[in-house]
Amino acid sequence: MVRPMDSGWRRFGYALEASPGLVLQLVGSAVAWTFVQLSGMMVAGCGPERPCNHTLTDLATNGIQPALLVAWAITAVLVFAVPLVWGRSPLPVLLIGIGVSALLTVVAYVTLSIGAGVM
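Shown next, in the form of structure tokens:
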């Protein structure tokens, strides 16, 4: 059971405790975006033997960065709002945000693989 916190200063401190996790999510998102961008070199083997769908590959490589940034921004707002407004732990919100970022990365990689004709 989650008990609401007493003072505003305690809530503010609780919100700041989530900051390292939020920075970790941002760094992880940058690594994931770089991984998908580097995986875009799968398209180098496209040719008559292996046709590629360039729409899917472009969607995966160019759409991953904005999607990860939006997921991070929503997580950042909620991580600070949940303890400040409702007095609850920001950890579940942070874990959901990290999970959504990981899911976006997997979807982008699979889309890139399908578009490159690897899958």
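All residue numbers for the sequence shown refer to this note's numbering, where the first residue is 221 and numbers rise by one.
C-beta atoms are modelled at their ideal positions from N, C-alpha and C, and glycine is treated no differently.
Worksheet item: Going by the CB atoms, is the gap between residue 317 and residue 295 shorter than 7 angstroms?
Response: In contact: residue 295 and residue 317 (Cβ atoms closer than 7 angstroms).
Worksheet item: In terms of residues, what are the limits of the alpha helix (DSSP H) holding residue 312?
Response: It spans 311-335 - the alpha helix (DSSP H) in which residue 312 sits, taken as one unbroken run.
Practice prompt. Determine the burial state of residue 312: buried for a count of at least 16 other Cβ atoms within 10 Å of its Cβ, exposed for fewer.
Written response: So residue 312 ends up on the exposed side.
Worksheet item: Thinking C-beta only, is residue 299 closer than 7 angstroms to residue 314?
Response: In contact: residue 314 and residue 299 (Cβ atoms closer than 7 angstroms).
Worksheet item: Is the distance from the Cβ of residue 322 to the Cβ of residue 256 below 7 angstroms?
Response: No, Cβ-Cβ distance for residue 322 and residue 256 is not below 7 angstroms.
Practice prompt. Evaluate contact between the segment 231-243 and the segment 265-285, counting only Cβ atoms and requiring at least three cross-stretch pairs below 8 angstroms.
Written response: When C-beta atoms of the segment 231-243 are compared with those of the segment 265-285, fewer than three pairs fall below 8 angstroms, so the two segments do not count as touching.
Practice prompt. Entirely within the segment 223-278 and at least 4 residues each: give me those alpha helix (DSSP H) ranges in chain order.
Written response: Counting only runs of 4 or more, we get 228-236 and 239-259.
Worksheet item: DSSP three-state call for residue 302: helix, strand or coil?
Response: The answer is helix: DSSP assigns residue 302 an H, G or I state.
Worksheet item: When burial is assigned at 16 or more other CB atoms within 10 Å of the CB, is residue 290 buried or exposed?
Response: It is exposed - the Cβ of residue 290 has fewer than 16 other Cβ atoms within 10 Å.
Practice prompt. In angstroms with no decimal places, state the Cα-to-Cα distance between residue 221 and residue 293.
Written response: Bear in mind that the predicted position of residue 221 carries a pLDDT of just 49, short of 50, making it too unreliable to give a figure here.
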